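Here the structure comes first, spelled out in structure tokens, and everything after it is commentary.
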Amino acid sequence: MSPAPIIEDRSEHEADLAEIRQIIADTETAYNTNDADLLTAHFARNATVVNALGVRLSGRDALLEANRAGLAGFLRDQYASYELFDVLFVRPDVALAHKGARATDATGELIDLDHAMVALYVLVKEDGRWWVIARQNTLVPEKTG
1 MSPAPIIEDR SEHEADLAEI RQIIADTETA YNTNDADLLT AHFARNATVV
51 NALGVRLSGR DALLEANRAG LAGFLRDQYA SYELFDVLFV RPDVALAHKG
101 ARATDATGEL IDLDHAMVAL YVLVKEDGRW WVIARQNTLV PEKTG
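Numbering-wise (my numbering), the sequence shown opens with residue 1 and increments by one.
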């Protein structure tokens with residue numbers, strides 16, 4: 001049996017990384033300013049999201065509706081800082097990105113010492129730009145003891 005391969009496109013990705021970093025930055029800005037349209041802007045029309053509560057949403061319209069409801073409701077006074085952990089290009093037009101999230105106050109001061117959530121983004125490059133086709137959020141349990 002041959003050893004398992006490392007699957008990653010090794011071509012130059014600096015411009016792609018910059019665009020993906022901007023998607024994460026826009027997501028943080030949107031969350032912190034309650035901008036549901038910006039929060040949804042980078043998702044493909046047929047995107048699927050599983051939020052931190054395990055609720056699955058399919059389609060950009062459903063995601064926009066949920067983002068509007070959440071940011072106008074229970075998330076209205078919530079703030080976060082996002083950190084892009086890594087990006088793996090499995091093909092030149094497909095990337096997996098992991099993002100960590102920590103709660104902050106309205107001024108950006110960290111509340112969480114560790115990441116409270118990790119998200120996996122699946123991105124596809126279509127017509128010269130990156131689109132989020134799937135996102136999976138996972139809450140990180142608080143450390144005890």
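Even glycine gets a Cβ: it sits at the ideal position worked out from N, Cα and C.
Values in this document were obtained by computation on a predicted structure and should not be read as measured data.
Range of the contiguous alpha helix (DSSP H) that encloses residue i
{"i": "R68", "result": "R60 to A72"}
Span of the beta strand (DSSP E) around residue i
{"i": "L84", "result": "Y79 to R91"}
{"i": "L135", "result": "Contrary to the premise, residue 135 reads as Arg rather than Leu in this sequence. Element bounds for R135: R129 to L139."}
{"i": "N46", "result": "F43 to V50"}
{"i": "T104", "result": "V94 to T104"}
{"i": "L123", "result": "M117 to E126"}
8 Å Cβ cutoff met for residue i and residue j
{"i": "R102", "j": "A119", "result": "no"}
{"i": "F74", "j": "H13", "result": "no"}
{"i": "D114", "j": "V140", "result": "yes"}
{"i": "G100", "j": "E83", "result": "yes"}
{"i": "A95", "j": "N67", "result": "no"}
Exposed unless 16 or more other CB atoms sit within 10 angstroms - verdict on residue i
{"i": "R135", "result": "buried"}
{"i": "K143", "result": "exposed"}
{"i": "D86", "result": "exposed"}
{"i": "Y29", "result": "One detail in the question is off: residue 29 reads as Thr in this sequence, not Tyr. With fewer than 16 other Cβ atoms within 10 Å, it is exposed."}
{"i": "D93", "result": "exposed"}
Counting pairs of beta carbons, one from the stretch 36-47 and one from the stretch 58-66, are three or more of them closer than 8 Å?
yes
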